[in-house]
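Peer 1:
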Amino acid sequence: MKILLAVDGSEYTARMLDYLAAHKEWSNAGHAFTVFNAVLPVPHRAAAFAGPDLVHSYYDDEARVVLDPVRAALAACGIEAAFAHKVGHPADEIANFAEHGKFDLVIMGSRGHGALTNLVLGSVAMKVLARCTVPVLLVR
Numbered sequence: 007m008k009i010l011l012a013v014d015g016s017e018y019t020a021r022m023l024d025y026l027a028a029h030k031e032w033s034n035a036g037h038a039f040t041v042f043n044a045v046l047p048v049p050h051r052a053a054a055f056a057g058p059d060l061v062h063s064y065y066d067d068e069a070r071v072v073l074d075p076v077r078a079a080l081a082a083c084g085i086e087a088a089f090a091h092k093v094g095h096p097a098d099e100i101a102n103f104a105e106h107g108k109f110d111l112v113i114m115g116s117r118g119h120g121a122l123t124n125l126v127l128g129s130v131a132m133k134v135l136a137r138c139t140v141p142v143l144l145v146r
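Its first residue numbered 7, the sequence shown is counted upward by one per residue in the working numbering.
#1: Could you give the DSSP three-state label for H37: helix, strand or coil?
#2: Excluding the five sequence neighbours on either side, which residues of its own chain have a C-beta within less than 6 angstroms of the C-beta of V48, listed in chain order?
#3: Under 9 angstroms, do A88 and A38 count as touching if we go by C-beta distance?
#4: What is the DSSP secondary structure of V142, reduced to helix, strand or coil?
#5: Mind the definition here: the region 86–106 touches the region 131–141 only if three or more C-beta pairs lie below 8 angstroms; say whether that holds.
#6: Can you tell me whether I9 is helix, strand or coil according to DSSP?
#7: So I100 is in the alpha helix (DSSP H); what residue range does that whole segment cover?
#8: Three-state secondary structure (DSSP) at L23?
#9: Specify, as a first and last residue, the run of the beta strand (DSSP E) that V93 falls within.
#10: Express the C-alpha separation of F109 and A78 in angstroms, rounding to a whole number.
#11: Which of helix, strand or coil does DSSP assign to L46?
#12: Express the C-alpha separation of Y64 and V112 in angstroms, rounding to a whole number.
#13: Give a single yes or no on whether L111 has its beta carbon closer than 8 angstroms to a heavy atom of the ligand ZN.
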């Protein structure tokens with residue numbers, strides 16, 4: 007299976023990685039993993055003031071802060087993965103990346119808010135579920 011691991015560097019990402027580590031069948035089954043992080047865009051006026059080189063460097067640094075610990079955690083589990091990041095709203099970018107990359111499954115952590123909190127605040131996980139045509143496994 008071609009599996010997309012959507013990560014944001016939070017404790018919920020750590021829980022998802024712990025789940026993968028505890029379930030060796032994921033790493034022993036010959037799956038192809040890609041780790042993906044969506045970096046929120048810099049506001050347009052700030053980007054114009056900073057300039058494209060500084061903004062691109064910021065995006066790369068933000069992604070590296072999230073992806074490097076995931077790279078180490080997966081290596082400790084014996085899981086090889088490709089790594090990618092895009093700039094944009096996380097739910098949209100995850101769904102787009104999963105669909106265009108023809109992934110079989112998206113795995114991501116979830117905060118597990120109640121229904122009322124999700125109604126008021128929304129959640130990336132809920133938006134991915136609503137938007138994505140690829141099956142999604144949420145780990146709490």
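We put the beta carbon where it would ideally sit given N, CA and C, even for glycine. Since we're looking at a predicted model, the values are computed, not measured.
Peer 2: Here's the rundown:
#1: Here residue 37 corresponds to residue number 31 of the sequence shown, with the count starting at 1. In this structure, H37 counts as coil in the three-state DSSP scheme.
#2: One-based indexing of the sequence shown puts residue 48 at position 42. Cβ neighbours of V48 beyond the five flanking positions: V61.
#3: In the sequence shown, counting from the first residue as 1, residue 88 sits at position 82. In the sequence shown, counting from the first residue as 1, residue 38 sits at position 32. Contact: yes.
#4: As a first step, residue 142 must be located in the sequence shown, where it is residue number 136. Secondary structure at V142: strand, using DSSP grouped into helix, strand and coil.
#5: Yes, the region 86–106 is in contact with the region 131–141.
#6: Locating residue 9 in the sequence shown gives position 3, where the first residue counts as 1. The answer is strand: DSSP assigns I9 an E or B state.
#7: Position 94 of the sequence shown, counted from the start, is the residue given in the question as residue 100. Looking at the DSSP string, the run of the alpha helix (DSSP H) that includes I100 is 96–106.
#8: Along the sequence shown, one-based indexing puts residue 23 at 17. L23 falls in the helix class under three-state DSSP.
#9: Residue 93 sits at position 87 when you count from the first residue of the sequence shown. Looking at the DSSP string, the run of the beta strand (DSSP E) that includes V93 is 87–93.
#10: Taking the sequence shown and counting its residues from 1, the one referred to as residue 78 is at position 72. Taking the sequence shown and counting its residues from 1, the one referred to as residue 109 is at position 103. Spanning the two alpha carbons is a distance of roughly 23 angstroms.
#11: Locating residue 46 in the sequence shown gives position 40, where the first residue counts as 1. Judged by DSSP in its simplified three-state form, L46 adopts coil rather than helix or strand.
#12: Reading the sequence shown from its first residue, position 106 is the one you call residue 112. Reading the sequence shown from its first residue, position 58 is the one you call residue 64. Taking the straight line from one Cα to the other gives about 26 angstroms.
#13: As presented, the structure is devoid of all ligands, the ligand ZN included, so that no description of it is given.
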